[in-house]
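Trainee:
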Amino acid sequence: MKRLFKTYLEKPELAGLILLVLLIVLFQVRSHGVFLNADNLRGILGILPEAGLVAIGVTILMISGEFDLSVGSVFALMPMSMAVLMVHGWPFPLALLAGLLVAAAIGFINGYVTIRFAIPSFITTLGMLFMARSLTVVVSGGFPPLLPADLPNWLFTSFVGPGNMFRMSFLWFVAVAVLTSLMLSRTNFGNWIKATGGFLPAAASMGIPTARVKIVCFMLCSVLSGFAGMLQVLRLGSPLPSIGEGLELQAVAAAVIGGASLTGGIGTVMGGIIGTTLIRVIDNGLVLSHVDANWFKFAIGFLTIFAVVANAWMRKRAKAIKMEG
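Residues 1 to 325 (this note's numbering) are what the sequence shown spells out, left to right.
And the structure:
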């Protein structure tokens with residue numbers, strides 16, 4: 001047991017992983033073996049990257065000690081901006097770049113306003129949630145623009161791998177997950193993020209540019225959210241102004257369930273991915289188990305509270321054991 005607690009202190013995503021495995025076994029039994037068949041797994045993995053990319057960005061931002069409640073609105077605004085530009089004759093690569101720049105600009109504004117005026121990021125990004133969603137509707141003119149027929153959808157949504165198990169979006173997701181995980185664990189900037197979220201005064205006294213670190217994390221969070229929104233639009237074939245509503249709360253829940261600390265300094269990219277996967281597993285498993293789908297949000301809310309309580313207790317126990325050792 002002591003070894004388990006010490007391992008948890010180093011790997012905060014461990015509790016979420018154990019819970020994920022237990023739920024997979026439960027739903028496999030309840031669905032009479034349907035849950036883990038190839039067709040069902042293909043469906044889960046097909047939509048996982050869209051929520052997973054947002055969760056990665058939110059997790060990194062939470063590690064730096066901040067929140068972003070505007071990710072769901074950026075999820076919709078970025079592809080809508082891209083679609084409108086393509087309607088006006090912009091080629092796909094330039095429209096994509098412009099859309100990502102829009103997302104990055106929103107992240108910069110969130111970070112700059114939060115740092116410059118010393119206000120909680122909860123308030124800054126709550127305001128941006130409404131503003132970006134409103135801009136999405138205004139830009140669309142009330143009607144979703146038609147996407148050009150010659151888009152390179154194969155690069156983002158086509159099925160690949162053995163038995164066409166994965167979409168190309170899953171490969172993009174894996175690439176982003178690997179790069180961001182390496183950034184957090186193997187680079188100075190990753191150490192700066194953890195130090196900034198862990199204890200800001202100490203990080204600043206060591207010469208870490210804490211304001212710049214947080215702003216970059218805000219921008220990365222927004223860019224990943226915008227890119228995820230583009231993946232969903234290309235999959236659905238239409239840039240709806242309403243996509244991404246409520247996604248910000250699921251992303252925060254995924255980060256917390258995956259072991260990220262609400263006070264910053266603790267968390268991993270893998271934890272955010274585990275939390276997102278767990279949410280998708282619950283969503284899919286409830287349907288296959290013939291449970292009323294209205295229990296989905298209840299389950300997510302319960303798991304979020306449970307994860308915070310359990311993580312706080314396990315960290316306390318792990319630190320006590322470490323001090324004893």
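Glycine included, each C-beta is placed from N, C-alpha and C at the ideal position.
When the Cα atoms are used, what is the spatial distance from GLY198 to ALA299?
Mentor: 30 Å
Trainee: I need the straight-line Cα distance from ILE47 to LEU234, nearest angstrom please.
Mentor: Their Cα atoms are separated by approximately 12 Å.
Trainee: With distance defined between alpha-carbon atoms, name the residue in ALA149, LEU101 and ARG42 nearest to GLY89.
Mentor: It is ALA149.
Trainee: Please tell me whether ILE106 and MET82 are closer than 8 Å, where the distance is taken between their beta carbons.
Mentor: no
Trainee: Return helix, strand or coil for VAL54, following the three-state DSSP convention.
Mentor: helix
Trainee: If LEU184 and VAL269 are in contact, beta carbons under 8 Å, what's the gap, nearest whole angstrom?
Mentor: With a Cβ gap of about 6 Å, LEU184 and VAL269 count as contacting.
Trainee: In this structure, what does DSSP give as the bridge partners for PHE159?
Mentor: The partner list for PHE159 (beta bridge, DSSP) reads ARG167.
Trainee: In its own chain, which residues sit with a C-beta less than 8 Å from the C-beta of MET230, not counting the 5 before and 5 after it?
Mentor: MET78, PRO79, MET82, LEU96, GLY99 and PHE156
Trainee: Would the stretch 209 to 218 and the stretch 27 to 43 be scored as touching if the rule is three or more Cβ pairs under 8 Å?
Mentor: no
Trainee: For ILE208, which of helix, strand or coil comes out of DSSP?
Mentor: coil
Trainee: So the candidates are LEU85, ILE24 and PRO12; which of them puts its Cα closest to the Cα of LEU326?
Mentor: The structure shown has nothing for residue 326, since the chain only spans 1 to 325.
Trainee: So, for GLY237: in the same chain, excluding its five sequence neighbours on each side, which residues have a beta-carbon less than 8 Å away from its beta-carbon?
Mentor: LEU147
Trainee: Using C-beta distances below 8 Å, list every residue in its chain close to SER242, excluding the 5 sequence neighbours before and after it, in chain order.
Mentor: ALA76
Trainee: Taking only three categories from DSSP, how would you classify SER242?
Mentor: coil
Trainee: Within 10 angstroms of its Cβ, does ALA251 collect 16 or more other Cβ (buried), or is it exposed?
Mentor: Burial call: buried.
Trainee: Please state whether DSSP places GLU248 in a helix, a strand or coil.
Mentor: Collapsing the DSSP output to three states places GLU248 in a helix.
Trainee: For THR114, I'd like the list of residues in its chain whose CB is within less than 6 Å of its CB, leaving aside the five on either flank, ordered along the chain.
Mentor: Excluding sequence neighbours, THR114 sits near SER121 and THR124.
Trainee: Using a threshold of 8 Å, state whether the C-beta atoms of ALA260 and THR59 are closer than that.
Mentor: yes
Trainee: By the DSSP assignment, the alpha helix (DSSP H) with GLY275 in it spans what residues?
Mentor: 269 to 288
Trainee: Whose C-beta lies closer than 7 Å to the C-beta of PRO152 among residues of the same chain, with five residues either side of it excluded?
Mentor: PHE92
Trainee: Could you pull out every residue in the same chain whose Cβ sits closer than 6 Å to the Cβ of PHE67, ignoring the five residues on either side in sequence?
Mentor: SER121 and PHE122
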